[in-house]
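Numbering (my numbering), first residue to last: 5 to 247. Glycine is no exception: its CB is placed at the ideal position from the N, C-alpha and C atoms.
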């Protein structure tokens with residue numbers, strides 16, 4: 005197994021170090037399946053949470069206790085890192101910091117619709133974190149005023165993550181009686197901020213740098229659920245507790 009394993013999909017940057025073992029968005033059990041391998045660096049970026057069960061906290065703790073380095077950013081990884089950074093998981097990027105500082109709290113902030121992994125996991129809709137960042141950039145550059153910014157975000161937040169894209173946002177604004185300047189949609193297309201993609205790039209760079217900050221020594225006990233999950237992914241757990 006490579007020294008770095010990364011779970012990514014729609015957050016994938018355009019350039020990825022060829023030495024990284026790239027895998028599809030992680031589901032429950034995918035990280036736990038690595039526990040029988042030699043400890044390495046695991047970068048959790050994208051993960052599923054709708055069609056399949058999401059990555060469990062306990063499997064991340066099990067890897068940490070075994071000596072793996074686990075980095076989280078961008079999407080599911082940012083969520084888990086904000087919850088487990090006090091136990092050794094490393095968080096990277098703006099999305100992680102926003103969750104850690106509780107400026108954002110909902111899973112829907114990073115949720116989006118994407119094509120299957122077999123087709124490249126490309127995003128079909130837009131996550132709220134990217135909407136926030138793009139609106140913020142438009143405000144800072146005085147492309148829009150605060151009223152338009154508020155209406156844009158309200159329209160975006162009202163849409164389900166499977167329907168949220170920029171045309172739908174502008175359509176909802178217009179449907180609510182708000183005037184959308186004709187030059188605004190093309191400006192957004194050219195100046196959109198890709199927060200999740202930027203965070204993913206930063207996390208992969210942190211993994212490649214091999215500079216690991218100190219983390220606490222932890223113990224991980226195998227609950228009945230963890231053992232069941234291990235059986236489902238076909239791995240034999242090491243003796244527990246591990247540290």
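Residue i lies in the alpha helix (DSSP H); which residues open and close that run?
i, result
"residue 92", "That residue, residue 92, is in no alpha helix (DSSP H); it is neither H nor E in DSSP."
"residue 179", "170–179"
"residue 198", "Premise fails: residue 198 is in no alpha helix (DSSP H) and is neither H nor E."
Tell me which residues share the same chain as residue i and place their Cβ nearer than 8 Å to its Cβ, disregarding the 5 neighbours each side in the sequence.
i, result
"residue 61", "84, 87 and 88"
"residue 169", "128, 129 and 130"
"residue 56", "31 and 32"
"residue 112", "132 and 165"
Can you grab the Cα-Cα spacing for the pair residue i / residue j, in whole Å?
i, j, result
"residue 161", "residue 193", "19 Å"
"residue 115", "residue 121", "16 Å"
"residue 23", "residue 38", "17 Å"
"residue 144", "residue 92", "36 Å"
"residue 181", "residue 154", "14 Å"
"residue 190", "residue 54", "32 Å"
"residue 156", "residue 171", "11 Å"
"residue 59", "residue 14", "17 Å"
"residue 148", "residue 183", "12 Å"
"residue 175", "residue 17", "29 Å"
"residue 4", "residue 123", "Here the chain covers residues 5 to 247 and nothing more, so residue 4 does not appear."
Give every residue of the same chain whose Cβ lies closer than 6 Å to the Cβ of residue i, excluding the five residues on either side of it in the sequence, and list them in chain order.
i, result
"residue 211", "8, 45, 47 and 75"
"residue 81", "48 and 49"
Closer than 7 Å by C-beta to residue i: which residues in its own chain qualify, once you throw out the five before and the five after it? Chain order, please.
i, result
"residue 197", "134, 137, 138 and 141"
Check your understanding: With a cut-off of 8 Å, do at least 3 Cβ pairs link the stretch 129–148 to the stretch 32–49?
Key -> no
Check your understanding: What are the complete beta strand (DSSP E) segments, minimum 3 residues, inside the stretch 7–90?
Key -> 8–11, 25–27, 45–48 and 73–77
Exercise for review: Take every Cβ of the stretch 195–206, pair it with every Cβ of the stretch 89–99, and state whether three or more of those distances are shorter than 8 Å.
Suggested key: yes
**Study point:** 4 or more residues per run - each alpha helix (DSSP H) lying fully within the stretch 95–180
**Key:** 98–104, 132–144, 150–162 and 170–179
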